[in-house]
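Just so we're aligned, residue 38 is where the sequence shown starts under my numbering, counting upward by one.
Below: the structure, in structure tokens.
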Amino acid sequence: MIEHMDIWTAIDRLATAHGLSASGLAKRAGLDPTSFNPSKRTAPGGKLRWPTTESISKILAATNTGFSNFVALVERGDLAPSSPSELAKAGKGGRRSVPLLGFAEAGDKGYFDDSGFPVGHGWDQIQIPSLADPHAYALQVSGNSMEPVYRAKDILIISPKEEVRKGDRIVFKTEAGEVMAKEVVKKTASRLDVRSLNPTHGERSFGMKDITWIAKVVWVSQ
Numbered sequence: 038m039i040e041h042m043d044i045w046t047a048i049d050r051l052a053t054a055h056g057l058s059a060s061g062l063a064k065r066a067g068l069d070p071t072s073f074n075p076s077k078r079t080a081p082g083g084k085l086r087w088p089t090t091e092s093i094s095k096i097l098a099a100t101n102t103g104f105s106n107f108v109a110l111v112e113r114g115d116l117a118p119s120s121p122s123e124l125a126k127a128g129k130g131g132r133r134s135v136p137l138l139g140f141a142e143a144g145d146k147g148y149f150d151d152s153g154f155p156v157g158h159g160w161d162q163i164q165i166p167s168l169a170d171p172h173a174y175a176l177q178v179s180g181n182s183m184e185p186v187y188r189a190k191d192i193l194i195i196s197p198k199e200e201v202r203k204g205d206r207i208v209f210k211t212e213a214g215e216v217m218a219k220e221v222v223k224k225t226a227s228r229l230d231v232r233s234l235n236p237t238h239g240e241r242s243f244g245m246k247d248i249t250w251i252a253k254v255v256w257v258s259q
């Protein structure tokens with residue numbers, strides 16, 4: 038059975054395989070650039086929104102992708118092709134490469150788009166077990182500000198797609214350019230309350246309007 042997120046994830050994977058964000062893929066296909074934004078995938082009342090067959094047809098034509106390859110992207114939850122040539126290998130699983138950036142550089146401009154997806158140049162690459170999120174990336178910890186939970190040289194695997202809930206460990210960037218790793222105490226539509234991973238630091242609260250992006254820590258290499 039094909040689930041709602043299976044289709045959206047396949048669209049994200051297709052974009053990644055062609056070096057595009059979801060917005061970039063929509064634009065290349067002649068669609069509104071916001072057509073595939075995460076905010077468009079669920080209605081305000083919680084009702085699931087599905088991409089239209091017309092929009093799927095347009096992105097396949099724009100990327101010269103066969104329908105069978107797109108179906109393979111739908112059916113495999115553990116593979117994210119990183120180039121058009123890898124679309125032919127979409128039936129195979131295993132490990133995959135993800136972008137790696139030092140935590141200290143994560144606040145610099147040019148490494149993330151407005152949704153917190155990795156873009157631009159200057160990223161290294163590392164191999165990790167396959168994840169469903171084609172936009173997953175890695176940040177390497179520097180310094181001791183996150184001890185004892187995370188230590189210098191630990192690698193955090195980050196998923197911009199995963200829903201964030203109370204108790205999750207997250208990385209987020211503020212409008213002021215700060216990038217922090219914290220634990221969620223409470224998250225509402227207007228505010229984010231977090232606690233530090235280092236017990237010597239207290240809890241903090243942020244207005245959602247002051248946060249550029251939030252992503253969930255889904256795996257740690259220590």
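Here a beta-carbon is modelled for each residue, glycine too, at the ideal position from N, C-alpha and C.
Residue pairing by DSSP puts K223 in a beta bridge opposite D230. By the Cβ-count criterion, P81 is exposed, with fewer than 16 other Cβ atoms from all chains shown falling within 10 Å of its own Cβ. Distance check between W160 and each of E215, A173 and S152 places A173 closest, using alpha-carbon atoms only.
With a beta-carbon spacing of about 6 Å, I44 and V111 fall inside the 8 Å limit used to define contacts.
A252 sits in a strand when the DSSP states are folded into three classes. If you ignore the 5 residues before and after Q177, its C-beta comes within less than 7 Å of the C-beta of L137, G139, F140, K190 and I192, all in its own chain and listed in chain order.
Counting the other CB atoms within 10 Å of its CB gives H55 a total of 16 or more, which places it among the buried residues. The closest CA to that of F209, considering only F243, P88 and T237, is found on F243. Counting the other Cβ atoms within 10 Å of the Cβ of M245 gives fewer than 16, which makes it exposed. Unbroken beta strand (DSSP E) runs of no fewer than 3 residues, entirely contained in the segment 133-169, are found at 161-166, following chain order. The beta carbons of E220 and G239 sit no closer together than 8 Å. Contiguous alpha helix (DSSP H) elements confined to the segment 38-97 occur at 41-54 and 59-65, taking only those with 4 or more residues. Per DSSP, reduced to three states, the secondary structure at K198 is coil, with no helix or strand assignment. A distance below 6 Å between beta-carbons, with the five flanking residues on each side excluded, links P171 to the following residues of its chain, in chain order: D49, R50, T53 and A117. One thing to note: K146 has its Cβ no nearer than 8 Å to the Cβ of V201.
Residue pairing from DSSP places V216 in a beta bridge opposite K210. Between W87 and S227, the alpha-carbon positions lie close to 26 Å from each other. By the 16-neighbour rule on beta-carbons within 10 angstroms, T89 is exposed. Between E212 and T249, the beta carbon gap of about 6 Å places them in contact (Cβ cut-off 8 Å). The beta-bridge partner set that DSSP reports for F104 is empty.
Across the set E142, H158 and V156, the C-alpha of E142 shows the shortest separation from the C-alpha of G180. About 6 Å separates the CB atoms of F107 and A47; that is less than 8 Å, so the two are in contact.
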